[in-house]
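Student:
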Amino acid sequence: MDSQRVINLSGWIRNYNFMRKLEHIIPILLFSIIWGAVEFLLPVRFSDAGISIEKISILFFISSFVSIVMDIPSGKLSDRIGRERLIVYSMSLSAIALASLYFFDSFAIFLAASILIGVAYGLNWSPILAFVGDHSDGSNHGRAFGDFFTLTALGEALAPILIAILIIYSSSSFPFLILALISMICLFTFKHLIKDRRVKVFGGKILDGSLSHLNSLKLIKKALIPSIFLMATGFFVAVFWQSVWFTQPLIGFYEKTLLDSALIVAVFSLPMVLCSRFMGRMIDKAGEKKVFFFSAFGTIISFFLFYLSQTLIFKLVFIFTASLGVLGIWLVMDVITVKLFPKNERGEFFGIIETVRDTAYAITPLFIGFTYKILGLNGIFAVNSIIAILLVFLGVYSFGKIRLSANI
589 MDSQRVINLS GWIRNYNFMR KLEHIIPILL FSIIWGAVEF LLPVRFSDAG ISIEKISILF
649 FISSFVSIVM DIPSGKLSDR IGRERLIVYS MSLSAIALAS LYFFDSFAIF LAASILIGVA
709 YGLNWSPILA FVGDHSDGSN HGRAFGDFFT LTALGEALAP ILIAILIIYS SSSFPFLILA
769 LISMICLFTF KHLIKDRRVK VFGGKILDGS LSHLNSLKLI KKALIPSIFL MATGFFVAVF
829 WQSVWFTQPL IGFYEKTLLD SALIVAVFSL PMVLCSRFMG RMIDKAGEKK VFFFSAFGTI
889 ISFFLFYLSQ TLIFKLVFIF TASLGVLGIW LVMDVITVKL FPKNERGEFF GIIETVRDTA
949 YAITPLFIGF TYKILGLNGI FAVNSIIAIL LVFLGVYSFG KIRLSANI
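Our numbering applies: residue 589 is where the sequence shown begins, and numbers increase by one.
1. In this structure, how does DSSP classify Leu795 when only helix, strand and coil are distinguished?
2. Just the Cα atoms here: how many angstroms apart are Lys844 and Ser890?
3. What span of residues does the alpha helix (DSSP H) with Pro859 cover, start to end?
4. Identify whether Thr899 lies in helix, strand or coil by the three-state DSSP scheme.
5. Would you kindly check if the distance between the Cβ of Ala976 and the Cβ of Phe823 is under 7 Å?
6. Please tell me whether Ile716 and Ser804 are closer than 7 Å, where the distance is taken between their beta carbons.
7. Might you give, ordered along the chain, the residues of its own chain that have their beta carbon closer than 6 Å to the beta carbon of Phe987, omitting 5 neighbours on each side?
8. Could you give the residue range of the alpha helix (DSSP H) that holds Glu936?
9. Would Phe737 and Ser864 qualify as a contact pair, given that the criterion is a beta-carbon distance under 7 Å?
10. Let me know the secondary structure DSSP gives Lys989 once reduced to three states.
11. Please go through the same chain and pick out, in chain order, the residues whose beta-carbon is closer than 7 Å to the beta-carbon of Ala910, but skip the five residues on each side of it.
12. Alpha carbon to alpha carbon, how far is Phe981 from Ser680? Give it in angstroms, no decimals.
13. According to the Cβ coordinates, are Phe778 and Val707 closer than 7 Å?
14. Looking at Met819 and Asn683, is the spacing between their C-beta atoms short of 7 Å?
15. Report the three-state DSSP secondary structure of Glu843 (helix, strand or coil).
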């Protein structure tokens, strides 16, 4: 009996080892704070410098477009040289971009910083998602991604409130200096995780034509219907995400309700803090299909109610329930990806999904920036509900075609 308990305990430790390690927790929490703060802070910083909403949306488009170019190559490259190395490069560029936004105050610098942030973001997300998949196995993919989402959401929930307080008591530029320093800390913590320091990234056959976007079409064709469904899911998740992060800081700035906006963004992140592990377990036990459809229907209703709400308390309630639904959809997407693709293709397909997501990140601010006079800044949430309805129909068709295996 004691030996059986030892076996069970060792299995539990193996399954949960990824998020139990302090060396994993600290850098992931730090970079989550960085990205959460940047996404909330950039619209405020640009608006405070006198830049119009239309121009701000263009800067966001440029940043996302650069990230689109990076996503697939970074995913493929991480399959070859390791995930941690690219994350270190990402944090290095982040530190430079964030420091420049503190020291300088011109549109040219804002443009250059937006480009650098796009490169850093593109180097970061495909490798980090594959990194999580690498540290889980067939029985706990959902829980591993749930733990990861808990950490990232905790950072993103804390960031807007801290940033809003810093802006009120200092300026819209000062927080960038703090974030640049955090980027350096994150850089050194992830650098510690690099296993093979002898890889030559810019030599040999590591950088070749196989890193191109067109080459990835072969991977999509291997599982065409599931790939289309996963890419559509990634697009939807990103539209919702950008809808919150782009509109709420602007509403807070122009309506002088920055703390209210920070609260909405923080509550939007709360489901990931509180429910990611539970939702991951639900996927492992009930299956991807059930969690997807329950989440999608809850999301559709919540979007419409958030759009119609006029008081802060109702907005907080409905952004929470909408985010809870999107969390379920997002986790299903990541778990299906890990199960569909083996380890040597995982980074590449996460790169494909990130390309689609960054396309949505690019399109959404432009859509908001050039339609807000007609729809209002919150009008995008009605559009989100329509996209979610279309995703449900695609899900009905796609789940009949998806055949999953537990790739480790």
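For every residue, glycine included, the Cβ atom is placed at its ideal position computed from N, Cα and C.
Tutor: According to the data block:
1. One-based indexing of the sequence shown puts residue 795 at position 207. Its pLDDT being 47, under 50, Leu795 is placed unreliably by the model, and the measurement read from it follows with that caveat. It is coil, neither helix nor strand.
2. Looking up residue 844 in the sequence shown gives position 256. Looking up residue 890 in the sequence shown gives position 302. Lys844 and Ser890: Cα-Cα distance of roughly 26 Å.
3. Residue mapping note: residue 859 aligns to position 271 of the sequence shown, counting from 1. Element bounds for Pro859: Leu846 to Ala874.
4. Along the sequence shown, one-based indexing puts residue 899 at 311. Thr899 falls in the coil class under three-state DSSP.
5. Here residue 823 is taken as the residue at index 235 of the sequence shown, counted from 1. Here residue 976 is taken as the residue at index 388 of the sequence shown, counted from 1. No, these two residues do not count as a Cβ contact at 7 Å.
6. Indexing the sequence shown from 1 puts residue 716 at position 128. Indexing the sequence shown from 1 puts residue 804 at position 216. Against a cut-off of 7 Å, the Cβ pair of Ser804 and Ile716 comes out as no contact.
7. Your numbering for residue 987 matches position 399 in the sequence shown. Excluding residues within five positions, the ones whose Cβ falls inside 6 Å are Lys877.
8. For the purposes of this step, residue 936 is taken as residue 348 along the sequence shown, with counting starting at 1. Counting along the chain, the alpha helix (DSSP H) containing Glu936 begins and ends at Lys931 to Leu963.
9. Taking the sequence shown and counting its residues from 1, one reaches residue 737 at position 149. Taking the sequence shown and counting its residues from 1, one reaches residue 864 at position 276. The answer is yes: Cβ separation under 7 Å.
10. As a working note, residue 989 is residue 401 in the sequence shown. Residue state, collapsed to three classes: coil.
11. Sequence index remark: in the sequence shown, residue 910 carries index 322 (1-based). Excluding its 5 nearest sequence neighbours in each direction, Ala910 has C-beta neighbours in its own chain below 7 Å: Thr887, Ser890, Phe891 and Phe894, listed in chain order.
12. The residue given as residue 680 occupies position 92 in the sequence shown. The residue given as residue 981 occupies position 393 in the sequence shown. Taking the straight line from one Cα to the other gives about 42 Å.
13. The residue labelled residue 778 in the question sits at position 190 within the sequence shown. The residue labelled residue 707 in the question sits at position 119 within the sequence shown. Not a contact, by the Cβ cut-off of 7 Å.
14. For the purposes of this step, residue 683 is identified with residue 95 of the sequence shown, where counting begins at 1. For the purposes of this step, residue 819 is identified with residue 231 of the sequence shown, where counting begins at 1. Before going on, a small fix: residue 683 reads as Ala here, not Asn. No. Outside cutoff.
15. Taking the first residue of the sequence shown as 1, we reach residue 843 at position 255. Correct three-state label for Glu843: coil.
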